[in-house]
Structures are given as structure tokens and as C-alpha cells.
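Data block below; observations after.
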Ligand SMILES: [Zn+2]
């Protein structure tokens, strides 16, 4: 990907259009659709408004920006050198919120999957990520079937 933005600037731009259809999200949707998976978007009625949901399997998927949501060990998750305190506070809030949302969804019986932006950074990566989700859905589906046997 060629652009002239630093990761922080790019993430900032991404976050501003958050809630709309971000590029990584579109990449994932394309792969999932091609794998024959059908999902719903931005379920406002659920905690944290997951980006994609598979209602039948009660799976909620979040596509997280690595910078804002602090992808552990990811080189996009840098900490700005100026206003560091401000940023750290902001990041802490985001991370705490994500954890709370995941707990709330799990309490409602949902399985929560987080897909990181960097896992969708190329067509190849998006494909691999989509296939990983596909497998999780399959094993979840089997669990649901055997639970009702
Ligand atoms: Zn990342």
C-alpha cells in the first residue's frame, strides 16, 4: 500500500470514517461473501455495534484499527511522542471499552471475533483471515448442532 500518511494519521483518518464502510472491512466482507458466508452489518441493537454479525451462529466480528485499539505487538500500534499522556489515556479507554463490549456480548451468548486491520492489509492476508473465520463458524455451527442433539 503506497501512501504518504504515517500509521497514526492513517488510523486517524480511518477512525473518522468509522461506522461507515472502512477499506479493511470491505476487504473482509468481499472474502467472506466469496466463501459463501452471509452476514449482517452494524447491528445497532448489540453492545458495541459489531461490524459484522452471523446471527444464526451468534458470532460477532469487530474489525479493529491496530493503532486505536492497540494491537499487541503490532508495529502500527505506536505511541505518539508528543501529548503522550493524552494518547495513553485515550488508548486505555478504547481498550477498556473493547473488553467491556466483549464481556457484554459473551454474557448474551455471542462469540466475539476480533480482526485486526493489519490482517486485512493485502488480498492474500484478507483471504487467509476470511478462511480462519470460516473455520471458526464451521466449528461453532457443529457445536450448536451437537448441543441440540
Ligand atoms: Zn496490527
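Numbering (the working numbering), first residue to last: 41 to 189. Backbone N, C-alpha and C define an ideal beta-carbon position, used for all residues, glycine too.
Annotation: residue 77 to residue 139 spans about 26 Å, alpha carbon to alpha carbon.
No residue range can be given for residue 161, since it is assigned to no beta strand (DSSP E) and is classified by DSSP as neither H nor E. Closest by C-alpha distance to residue 148, out of 179, 87, 165, is 87. The beta carbon of residue 156 sits closer than 6 Å to at least one heavy atom of ligand 1. Spanning the alpha carbons of residue 102 and residue 130 requires a straight line of approximately 19 Å. Between the region 150-166 and the region 89-101, the count of C-beta pairs closer than 8 Å reaches three or more; the two stretches touch. In this structure residue 80 touches residue 95 by the C-beta definition: roughly 6 Å separates them, less than 8 Å. Collapsing the DSSP output to three states places residue 116 in coil. A straight-line Cα-Cα distance of about 25 Å links residue 98 and residue 158. Approximately 5 Å separates the beta-carbon atoms of residue 170 and residue 72; this is inside 8 Å, confirming the contact.
Around the Cβ of residue 85, a 10 Å sphere holds fewer than 16 other Cβ atoms; the residue is exposed. Counting along the chain, the unbroken beta strand (DSSP E) around residue 104 starts and ends at 99-104.
Taking 7 Å as the cut-off, the Cβ atoms of residue 145 and residue 181 do not count as close.
By the 16-neighbour rule on beta-carbons within 10 angstroms, residue 113 is exposed.
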